[in-house]
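To start, the structure under review is shown below, and the notes come after it.
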Amino acid sequence: MAEDEKYVCTLSSAMKKLAEDELNETDLNRDRDIQALREKVRGMPGLNSRTDGGFLVRFLRTRKYNVERAFQEEETQVAGVVFVEDLAGMTANHVYYASSPTLMYKGYGAFQNAFPCRIKGGHYLNESPLFDGVFAIIKPILSEKIKSRIQMHGKVYSTLHACVGKHVLPPEYGGDGPDYDDSVKLWTDRLMASEQDFIKFNKKGFVTHGNLGTSATGDETMSGMAGSFKKLNVD
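1 is the number of the first residue of the sequence shown in full-length UniProt numbering; add one for each residue after it.
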């Protein structure tokens with residue numbers, strides 16, 4: 001893939017309208033801001049990153065075309081994602097291996113500040129007192145926006161239906177969508193088929209280690225880069 005490969009928009013007219021209304025994305029500013037972000041990435045010492053347009057536009061969409069704050073399907077980049085996590089079977093061993101404060105801080109910090117996808121909602125099912133304790137540790141790390149989009153449903157799936165829609169949920173959760181095991185196999189097959197991509201992308205990143213800091217707005221930022229990105233006029 002060419003590092004300067006031009007992004008070609010494949011969105012429908014309706015999705016283009018949504019992108020403009022919610023993300024401030026137009027044909028004009030898209031190309032301009034992809035190039036601006038590309039220049040910033042290339043100017044970051046020690047950073048080995050993809051700079052093709054299709055990769056960079058994901059981050060622009062996540063940050064609503066503010067280059068300073070700057071899934072493969074374009075519709076997902078624009079509309080965002082809602083995740084549902086079933087915590088049935090969670091044990092003390094899971095908590096032991098996953099509840100390091102440092103690990104949680106880094107993991108959730110990267111998830112909400114660096115992950116190139118818009119999180120529109122998070123729903124937990126069958127949560128236990130163990131998870132309540134873990135979430136109490138995680139909660140202060142999360143932004144107010146993310147916290148407002150997280151809901152606990154326990155074993156009451158009807159409240160999940162009201163938020164997500166039965167048509168996308170498997171029968172195991174009272175939905176009308178594909179069977180749970182079939183969905184798991186579909187995603188497992190897609191992940192395994194992408195193994196070479198993961199190997200290639202895993203070679204990207206910082207060649208040298210620098211200090212990471214947090215800007216005054218709470219965004220994770222690279223050392224020396226706070227306030228250096230081009231600020232765009234956005235509402």
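We treat Cβ as the ideally placed atom computed from N, Cα and C, and that holds for glycine.
Given the structure is predicted, the values throughout are model-derived calculations rather than measurements.
If I follow the unbroken alpha helix (DSSP H) through residue i, where does it start and stop?
| i | result |
| --- | --- |
| residue 55 | 53 to 62 |
| residue 96 | 92 to 98 |
| residue 109 | 101 to 113 |
| residue 177 | From DSSP, residue 177 is part of no alpha helix (DSSP H); its letter is neither H nor E. |
| residue 237 | Not covered by the structure: residue 237. The range shown for the chain is 1 to 235. |
| residue 157 | 157 to 164 |
| residue 168 | Per DSSP, residue 168 belongs to no alpha helix (DSSP H) and is neither H nor E. |
| residue 50 | It is not in any alpha helix (DSSP H) - residue 50 carries neither H nor E in the DSSP assignment. |
| residue 41 | 27 to 42 |
| residue 134 | 129 to 138 |
| residue 203 | No alpha helix (DSSP H) contains residue 203, which DSSP labels as neither H nor E. |
| residue 20 | 13 to 23 |
Using the C-alpha atoms, what's the distance from residue j back to residue i?
| i | j | result |
| --- | --- | --- |
| residue 128 | residue 11 | 41 Å |
| residue 83 | residue 112 | 13 Å |
| residue 20 | residue 14 | 10 Å |
| residue 187 | residue 44 | 35 Å |
| residue 149 | residue 138 | 14 Å |
| residue 160 | residue 89 | 19 Å |
| residue 231 | residue 119 | Residue placement at residue 231 cannot be trusted, given a pLDDT of 40 that sits under 50; what the coordinates show is reported in the next sentence. Each residue's alpha carbon lies about 23 Å from the other. |
| residue 32 | residue 9 | 14 Å |
| residue 197 | residue 17 | 31 Å |
| residue 108 | residue 140 | 11 Å |
Residues in the same chain with beta-carbon distance under 7 Å from residue i, minus the five sequence neighbours each way, listed in chain order, please.
| i | result |
| --- | --- |
| residue 170 | 177, 178, 179, 180 and 183 |
| residue 53 | 5, 6, 7 and 34 |
| residue 122 | 83, 149 and 150 |
| residue 241 | Outside the modelled stretch of the chain, which goes from 1 to 235, sits residue 241, for which no answer is possible. |
| residue 23 | 61, 64, 65 and 78 |
| residue 26 | 20 |
| residue 130 | 90, 92 and 95 |
For residue i, which residues of its own chain have a beta-carbon under 6 Å away from its beta-carbon, when the five flanking residues on both sides are left out?
| i | result |
| --- | --- |
| residue 212 | Low confidence applies here, because residue 212 scores a pLDDT of 48, under 50, leaving its location unreliable and the question unanswered by this model. |
| residue 132 | none |
| residue 191 | none |
| residue 173 | 157 |
| residue 166 | 175 and 176 |
When burial is assigned at 16 or more other CB atoms within 10 Å of the CB, is residue i buried or exposed?
| i | result |
| --- | --- |
| residue 156 | exposed |
| residue 185 | exposed |
| residue 93 | exposed |
| residue 37 | buried |
| residue 28 | exposed |
| residue 56 | buried |
| residue 65 | buried |
| residue 195 | exposed |
| residue 40 | buried |
| residue 153 | buried |
| residue 103 | exposed |
| residue 91 | exposed |
Output needed for residue i: all residues of its chain with C-beta closer than 8 Å, excluding positions within five of it in sequence on either side, in chain order.
| i | result |
| --- | --- |
| residue 42 | 51 |
| residue 163 | 82, 121, 123 and 151 |
| residue 115 | 62 |
| residue 168 | 175 and 177 |
| residue 146 | 112, 119 and 122 |
| residue 136 | none |
| residue 101 | 137 |
| residue 236 | Absent from the structure is residue 236, since the part of the chain shown begins at 1 and ends at 235. |
At which residues does the beta strand (DSSP E) containing residue i begin and terminate?
| i | result |
| --- | --- |
| residue 119 | 119 to 125 |
| residue 85 | 81 to 86 |
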